[in-house]
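All residue numbers for the sequence shown refer to the numbering used here, where the first residue is 963 and numbers rise by one.
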Amino acid sequence: QVQLVESGGGLVQPGGSLRLSCATSRSIFRTYLMGWYRQAPGKERELVAAFTGGDNTKYADSVKGRFTISRDNAKNTLYLQMNSLKPEDSAVYCCNARLFGNQLWGQGTQVTVST
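This is how it looks when you write it as structure tokens:
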């Protein structure tokens, strides 16, 4: 049963933009803290951006000022706006929902930044 469904990945040139979306159920969206992680080949999964409670957010240093996490409560959807993309941003991006010790993951969407 897929509970987090990502979309919006793809191939983009350096300096370009993409917006990722993560749709889920109302119950998960309203209860869990949600965020985005990424994993590049040969590297560990890392936090990209996340809501930490209320409207508070945190970002990886590498994406600060370029990426923005947001949410649409009416659509139960989480977004990641990615601007000024760099080749090192290439990775599989996964939506995450966490509640205490319970974590949910999406299937991931590939983002490739290349000429």
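From the three backbone atoms N, C-alpha and C, an ideal C-beta is built for every residue, glycine too.
**Message:** Using the three-state DSSP reduction, which class does serine 1076 fall into: helix, strand or coil?
**Reply:** Residue 1076 sits at position 114 when you count from the first residue of the sequence shown. If DSSP states are grouped into helix, strand and coil, serine 1076 belongs with coil.
**Prompt:** If you run the structure through DSSP and keep just helix, strand and coil, what is phenylalanine 1062?
**Reply:** On the sequence shown, residue 1062 is found 100 positions in, with the first residue counted as 1. Looking at phenylalanine 1062 - three-state DSSP - the assignment turns out to be coil, as it is neither helix nor strand.
**Request:** Kindly identify the DSSP beta-bridge partner or partners of arginine 1000.
**Result:** The count along the sequence shown starts at 1 and reaches residue 1000 at position 38. Glu1008 and Tyr1055.
**Prompt:** In or out: alanine 1012 buried (at least 16 other Cβ within 10 Å) or exposed?
**Reply:** Within the sequence shown, residue 1012 is the residue found at index 50, counting from 1. Answer is buried; the Cβ neighbour count reaches 16.
**Request:** Answer with buried or exposed for alanine 1036, where buried requires no fewer than 16 other C-beta atoms within 10 angstroms of its C-beta.
**Result:** The count along the sequence shown starts at 1 and reaches residue 1036 at position 74. Classification for alanine 1036: exposed.
**Prompt:** Would the stretch 972-979 and the stretch 1019-1026 be scored as touching if the rule is three or more Cβ pairs under 8 Å?
**Reply:** no
**Request:** Put serine 969 into one of helix, strand or coil per three-state DSSP.
**Result:** Taking the sequence shown and counting its residues from 1, one reaches residue 969 at position 7. Reduced to three states, the DSSP call for serine 969 is strand.
**Request:** Please look up how many angstroms separate the CB atoms of leucine 966 and arginine 1060, rounded, as I've assumed it's under 8 Å.
**Result:** Position 4 of the sequence shown, counting from 1, holds the residue named residue 966. Position 98 of the sequence shown, counting from 1, holds the residue named residue 1060. Not quite, the Cβ-Cβ distance comes to about 11 Å (not below 8 Å), so this is no contact.
**Asked** Exposed or buried, which one is asparagine 1064 when buried takes at least 16 other CB atoms within 10 Å?
**Response** As a working note, residue 1064 is residue 102 in the sequence shown. Exposed is the call here.
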